[in-house]
Amino acid sequence: MSFDLAKLEAHLTTRSYIEGYTPSQADVHVFKALSGAPDSKTSPHAARWYTHIKSYEAEFDSLSGSSTAGETFTKAAAPAAAAPAAEEDDDEVDLFGSDEEVDEEAERIKAERVAAYNAKKANKPKTAAKSVVTFEVKPWDDETDMAELEKAVRSVEMDGLVWGASKLVPIGYGIKKLQITIVVEDDLVSLEDLADKVAEFEDYVQSTDVTAMQKL
Numbered sequence: 002m003s004f005d006l007a008k009l010e011a012h013l014t015t016r017s018y019i020e021g022y023t024p025s026q027a028d029v030h031v032f033k034a035l036s037g038a039p040d041s042k043t044s045p046h047a048a049r050w051y052t053h054i055k056s057y058e059a060e061f062d063s064l065s066g067s068s069t070a071g072e073t074f075t076k077a078a079a080p081a082a083a084a085p086a087a088e089e090d091d092d093e094v095d096l097f098g099s100d101e102e103v104d105e106e107a108e109r110i111k112a113e114r115v116a117a118y119n120a121k122k123a124n125k126p127k128t129a130a131k132s133v134v135t136f137e138v139k140p141w142d143d144e145t146d147m148a149e150l151e152k153a154v155r156s157v158e159m160d161g162l163v164w165g166a167s168k169l170v171p172i173g174y175g176i177k178k179l180q181i182t183i184v185v186e187d188d189l190v191s192l193e194d195l196a197d198k199v200a201e202f203e204d205y206v207q208s209t210d211v212t213a214m215q216k217l
């Protein structure tokens, strides 16, 4: 089985997960196929994704979804026996073509789809641009009441802000951080302003961070 790291890096350039807006079995499949964290210098997006998914490692078995989308990055190489058969018939060689020809065809199809999408989008009324964001809040210490911290965080109201699912993630020394998913309208919600509002709960909040963001 081979692994296409370049394909994974390109895929994650505009995405936070292998499929959808939350971790799934597709992410688990790809994570397990890697021998370790990708080099952050040559594959920064894949490295960021790897670190994020690793925080869910204890929950891999309970994550939803299918591994199918992840399998596109770990496809087995074609059987060697297929080569002689292709050599016997030039027509078959022409039918399958080289990897380079396949890549060129894929790029052509992709360009056509993008052009069709842009044309269709231009004819539609403009809708509000939205993003799915993974927002993290760290407490002062292990004695911080995390239930009260989350209650305070969710009390923040802004036009275009929707609070989603959350979980507590261990970060060491008995301390856990709050990791919460939000959906924001890009033109209405400034993530910097949101962080400032959350930081006002200084009895609970030590710091905040945005660890993932994906356009809808």
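The numbers in the sequence shown follow the numbering used here, run straight up by one, and end at 217.
Using N, Cα and C, we set each Cβ at its ideal position, and we do this for glycine too.
Practice task
Could you have a look at Ile54 and say whether DSSP puts it in helix, strand or coil?
Solution key: Looking at Ile54 - three-state DSSP - the assignment turns out to be helix.
Problem - C-alpha distance - Val184 paired with Trp164, whole-angstrom precision - result: If I take the Cα positions, the gap works out to 7 Å.
Exercise for the section: Pull up the CB-CB distance for Thr135 and Thr182, whole angstroms please, since I reckon it's below 8 Å. Expected result: 6 Å between Cβ atoms; contact.
Handout entry: Whole-number beta carbon distance between Leu195 and Leu150, since they are thought to touch under 8 Å
Key = In this structure Leu150 is not in contact with Leu195, their Cβ atoms being roughly 15 Å apart against a cut-off of 8 Å.
Practice task
From the DSSP output, in three-state form, read off Asp104 for me.
Solution key: Note: Asp104 maps to helix in three-state DSSP.
Problem - DSSP three-state assignment for Val31, whether helix, strand or coil - result: It is helical.
Problem - Nearest-angstrom Cα separation, counted from Lys139 out to Tyr118 - result: So the alpha carbons of these two residues sit roughly 40 Å apart.
Practice task
Would you list the residues sitting across from Ile183 in a DSSP beta bridge?
Solution key: DSSP links Ile183 through a beta bridge to Val134, Trp164.
Practice task
Report yes if the CB atom of Ser41 is closer than 8 Å to the CB atom of Val170, and no otherwise.
Solution key: Here Ser41 is not near Val170, since their CB atoms are 8 Å or more apart.
Problem - Top-ranked residue by Cα proximity to Asp160, from Glu186, Ile172, Ala107, Ala47 - result: When only C-alpha atoms are compared, the closest one is Glu186.
Practice task
Use the C-beta contact count for Glu20: other C-beta atoms within 10 angstroms, 16 or more gives buried, fewer gives exposed.
Solution key: Buried, since its Cβ has 16 or more Cβ neighbours within 10 Å.
Practice task
Please determine if the stretch 104-120 and the stretch 50-67 are in contact, where contact requires at least 3 C-beta pairs separated by less than 8 Å.
Solution key: With a cut-off of 8 Å, the stretch 50-67 and the stretch 104-120 do not count as touching, because too few Cβ pairs lie within range.
Problem - Nearest residue (CA-CA) to Glu158, options Asp197, Ala7, Arg114 - result: Among Asp197, Ala7, Arg114, the Cα nearest to that of Glu158 is on Asp197.
Practice task
Could you check the C-alpha separation between Val211 and Glu113 for me, to the nearest Å?
Solution key: Answer to the nearest angstrom: the Cα atoms are 34 Å apart.
Problem - Extent of the continuous beta strand (DSSP E) to which Lys216 belongs - result: That run of the beta strand (DSSP E) goes 206-216.
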